[in-house]
Amino acid sequence: MTATRTPPANHFQPIDPQSDASPRPNQIDKTFAQIRSELLATFSPADWESYNHLVGWLRDTGVASYALNVGDTAPDFLLPDADGRLHSSEQLRRNGPLVLSFFRGGWCPFCTAELCALQAAKDEFENLGATLAVVTPETRHFPRQLKQSLGLELKVLSDVDYAVAMSYGVLFRVPDETKAHYSGLGFDFGARHGSPVWMLPIPATYVIDTDGRIRSAFVEPDFTVREEPAQILSSLRRAASTS
Amino acid sequence: MELHQVRYFLAVASTLNFTRAAEQCNVTQPALTKGVQKLEQELGGQLLYRERQLTQLTDLGKEVLPMLERTLASAEAVRRRAKEFQRKEVAPLKIGLAPTISASLVLDPIAEIARFVPGLQVELREGAAEKLVDLLLEGEINAAVVGDVRDIPPRIDDWSLFEERYVAVLAPTHKLANRPSIGIDDLQETVLLDRSGCDVAPKIKRSYFPEQPPRFGHCSGHDLHLQHMAAAGFGVILAPEHMPRLPMLKTIPLEGDQVSREVRLLAVQGRRYSPALDAFVKVARLRDWSIEVRHRGTPQETFSEVASASA
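Residue numbers (the numbering used here), protein chains in the order written: chain X, 49 to 291; chain C, 8 to 318.
Below is the structure:
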């Protein structure tokens, strides 16, 4: 191995020893809301403090008010997946609606729970002719590692340099207090994202039709709350019946 | 944050003048000021000092500027791709490769982006890392793939792609050719072919030749020259593992794998990204490079069994 070296502050730490979270077994049949309460029950006082601070700050700052909404044109994108293969939004929504879900990263247990719930519902999405793509700010081997560890067959797209989250208005700079908390837990977003400034998306799920218009939008500053797959599926059915 | 707020801030950062920035963005000055203020609120501090005629970036402004520039460049590259696509424009992409980086490394990424950038025309340039940094800053090349580099200027973005070890490459007739690995003593008694301008030379010296210099034979800055000389039995080369080799040559690991390096991608901050460059940088930063380097690619990937709930 090479000797450990300390790069200058504006260069990115390449190696991150943190391994990613995996879901507990036998959680597949539960709704996301059930898993959420179980996860919340394991919060330490420091977790609660950080959680309340971040969610309070996001609400006060009105970050979610910038997010795109139903009826807006969905910005196009070209992003690599976990294996470095490119996908364009035009291609993803060519033959049916696109479900685009922004999540925070493989280090976040609420995200991994959401991803597993989406994976479990994958066939139902396909039966409705919809394409499901989840978007992470993480780069390098992190999305690949996440897919492997969770056994995901979803399209995991990497929003390299955050341009898509920014275009959808769901990007924010991680406040200093939150950054200190996550750093303390060993999460190095600098290494994960390849960016010296720590940014995260607000978890958000969009349904985009074949014309590139947003048909449903779920944007929630409380990162422990996600749209249930059943809910997304009913949005898809509703959109299909009104188009 | 909103895209147009970021655009306003970047316009002020480049003109240092609110009036001109507003003209550039095609909005009124109050609208521009309001957008910048909202961005400041969200980023948690002032981005600009406004003192009468003088507008300057604050420390926070300087800190977030490169990232916001890159994000906006990437967002705009997508829009430009659509235009290029319609007009069937030529999309040039100039990539610099350090002498120890094989062109074989970038072939797959190039093939991948060609699927989405139809007019793609790649030009590869070879040069020492320091030279490539100059070419980047001069705008002569758009991206560079290099090994170890000292002193990368702050204006250059630098992403680690993968780590690889150095191995010994020699002719099958060489007396060390049947060893499972080559140790420090053997290496010190062997004639090495000298790679001029070698970026890991200091590491090799530190690990294998701390006291006396290597016994160098012939020399070249070109990997293929060195390979031909090694094949002719002139000596042993130390080469990065990903480097494709002439079929008759043998590769033997160095005992303890003490010499390795990171392969890095460089691009210039704050420059407009062409759709081709944007796609190249993205593919390179996600690619599984362990395909090129079988023994050691990405960092050790270990998976924990149980998630811990942490906010």
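For each residue, glycine too, the CB sits at the ideal point set by N, CA and C.
N-terminal and C-terminal residue of the alpha helix (DSSP H) that residue i is part of
i: His135 of chain X; result: Run containing His135 of chain X: none in the alpha helix (DSSP H); it sits in the beta strand (DSSP E), Leu134 to Ser136.
i: His225 of chain C; result: Premise fails: His225 of chain C lies in the beta strand (DSSP E), Arg222 to Ser227, not in any alpha helix (DSSP H).
i: Gly42 of chain C; result: Gln36 to Leu50
i: Lys289 of chain C; result: Pro282 to Leu293
i: Ala246 of chain C; result: No alpha helix (DSSP H) holds Ala246 of chain C; the beta strand (DSSP E) holding it covers Ile244 to Pro247.
i: Glu172 of chain X; result: Lys170 to Asn175
i: Glu276 of chain X; result: Glu276 of chain X -> no alpha helix (DSSP H), and no H or E assigned at all.
i: Tyr56 of chain C; result: That residue, Tyr56 of chain C, is in no alpha helix (DSSP H); its beta strand (DSSP E) goes Leu55 to Glu58.
Partner residues on chain X for residue i, Cβ-Cβ distance less than 7 Å
i: Phe123 of chain C; result: Leu126, Leu134 and Ser136
i: Ala208 of chain C; result: Within 7 Å Cβ-Cβ: nothing; Ala208 of chain C doesn't reach chain X, min ~15 Å.
i: Ala286 of chain C; result: Leu126 and Leu134
Separation of residue j from residue i, as counted between CA atoms
i: Glu269 of chain C; j: Arg57 of chain C; result: 43 Å
i: Leu183 of chain C; j: His235 of chain C; result: 18 Å
i: Met214 of chain X; j: Ser282 of chain X; result: 27 Å
i: Thr109 of chain X; j: Glu49 of chain C; result: 6 Å
i: Arg286 of chain X; j: His101 of chain X; result: 36 Å
i: Thr40 of chain C; j: Glu76 of chain C; result: 19 Å
i: Ile163 of chain C; j: Ala274 of chain C; result: 6 Å
i: Val273 of chain X; j: Asp171 of chain X; result: 23 Å
i: Val103 of chain X; j: Trp96 of chain X; result: 11 Å
i: Arg211 of chain C; j: His229 of chain C; result: In the sequence as presented, Arg is not what sits at residue 211 of chain C; that position holds Ile. C-alpha separation (whole angstroms): 18 Å.
i: Gln279 of chain X; j: Val255 of chain X; result: 11 Å
i: Gln12 of chain C; j: Tyr114 of chain X; result: 11 Å
i: Leu131 of chain C; j: Ser227 of chain C; result: 20 Å
i: Val198 of chain C; j: Ala238 of chain C; result: 14 Å
i: Leu1 of chain C; j: Leu54 of chain C; result: Within the shown structure, residues of chain C are numbered from 8 to 318, placing residue 1 of chain C beyond reach of any answer.
i: Leu17 of chain C; j: Ala110 of chain C; result: 36 Å
i: Gly238 of chain X; j: Glu138 of chain X; result: 30 Å
i: Pro160 of chain C; j: Val147 of chain X; result: 41 Å
i: Glu275 of chain X; j: Phe266 of chain X; result: 7 Å
i: Leu194 of chain C; j: Tyr215 of chain C; result: 8 Å
i: Lys14 of chain X; j: Pro247 of chain C; result: This structure cannot settle anything about residue 14 of chain X, because the visible part of chain X is limited to 49 through 291.
i: Glu133 of chain C; j: Phe91 of chain X; result: 53 Å
i: Asp224 of chain X; j: Ala112 of chain X; result: 19 Å
i: Lys78 of chain X; j: Thr179 of chain X; result: 23 Å
i: Leu168 of chain C; j: Ser243 of chain X; result: 14 Å
i: Val152 of chain C; j: Met250 of chain C; result: 14 Å
i: Gly326 of chain C; j: Tyr173 of chain C; result: Since the first and last residues shown for chain C are 8 and 318, residue 326 of chain C lies out of range.
i: Pro73 of chain C; j: Arg222 of chain C; result: 46 Å
Closer than 7 Å at the beta carbon, the chain C residues around residue i
i: Thr179 of chain X; result: Per Cβ cutoff of 7 Å: no residues; Thr179 of chain X is ~17 Å from chain C at best.
i: Thr187 of chain X; result: Arg292 and Leu293
i: Pro209 of chain X; result: Checking the sequence shown, residue 209 of chain X turns out to be Asp, not Pro. Here the neighbours are Arg77, Thr78 and Ser81.
i: Phe237 of chain X; result: Correct list: empty, because the minimum Cβ distance to chain C is about 12 Å.
i: Ser243 of chain X; result: Met74
Interface partners of residue i on chain C, CB under 8 Å
i: Val255 of chain X; result: The premise fails here: Val255 of chain X is roughly 20 Å from chain C at the closest Cβ pair, so nothing lies under 8 Å.
i: Arg221 of chain X; result: Met8, Glu49, Leu50, Gly51 and Val71
Proximal residues of chain C, C-beta to C-beta of residue i below 9 Å
i: Gly217 of chain X; result: Met8, Glu9 and Leu10
i: Asp131 of chain X; result: Leu293, Arg294 and Asp295
i: Val111 of chain X; result: Met8 and Glu49
Within chain X, partners of residue i - CB distance below 8 Å
i: Ile120 of chain C; result: Leu134
Partner residues on chain X for residue i, Cβ-Cβ distance less than 9 Å
i: Lys289 of chain C; result: Leu126, Leu127, Pro128, Gly132, Leu134, Thr187, Ser206, Val208 and Asp209
Where the beta strand (DSSP E) through residue i begins and ends
i: Lys203 of chain X; result: Lys203 to Ser206
i: Met247 of chain X; result: Met247 to Pro249
i: Ile259 of chain C; result: Lys257 to Pro260
i: Asp164 of chain C; result: Ile163 to Leu177
i: Val129 of chain C; result: Leu127 to Glu133
i: Val71 of chain C; result: Val71 of chain C -> not in any beta strand (DSSP E); alpha helix (DSSP H) instead, spanning Asp66 to Arg94.
Any residues in the segment 135 to 164 of chain X with a beta carbon nearer than 7 Å to a beta carbon of chain C? Which ones, in chain order?
-> Ser136, Pro157 and Thr160
Proximal residues, the segment 56 to 76 of chain C versus chain X, C-beta separation under 7 Å = Glu70, Val71 and Met74
What residues in the segment 75 to 103 of chain C bring their beta carbon closer than 9 Å to a beta carbon of chain X?
-> Leu75, Arg77, Thr78, Leu79, Ala80, Ser81, Ala82, Glu83, Ala84, Val85, Arg86, Arg88 and Ala89
Does the segment 140 to 155 of chain X touch the segment 175 to 184 of chain X, meaning 3 or more C-beta pairs lie closer than 8 Å?
-> yes
When the Cβ atoms of the segment 161 to 168 of chain X are set against those of the segment 218 to 233 of chain X, are three or more pairs found closer than 8 Å?
-> no
Chain-ordered residues of the segment 39 to 54 of chain C with a beta carbon less than 7 Å from chain X = Gln48, Glu49, Leu50 and Gly51
At a cut of 8 Å, does the segment 275 to 282 of chain C reach the segment 72 to 89 of chain C through at least three beta carbon pairs?
-> yes
When you check each C-beta in the segment 79 to 94 of chain X against every C-beta of chain B, which residues fall closer than 9 Å?
-> Included in the structure are the protein chains X and C, with no chain B among them.
According to a CB-to-CB cut-off of less than 8 Å, which residues of the segment 13 to 26 of chain C neighbour chain X?
-> Val13
Inspect the CB distances between the segment 188 to 207 of chain C and the segment 241 to 256 of chain C and report whether three or more fall short of 8 Å.
-> yes
Three or more beta-carbon pairs under 8 Å between the segment 117 to 133 of chain X and the segment 187 to 199 of chain X, yes or no?
-> yes
Segment contact flag, the segment 258 to 272 of chain X with the segment 21 to 33 of chain C, C-beta cutoff 8 Å, min 3 pairs | no
Touch check for the segment 253 to 261 of chain C and the segment 126 to 145 of chain C: three-plus C-beta pairs under 8 Å?
-> no
Flag this pair as touching only if the segment 202 to 212 of chain X and the segment 283 to 298 of chain C have three or more C-beta atom pairs under 8 Å; answer yes or no.
-> yes
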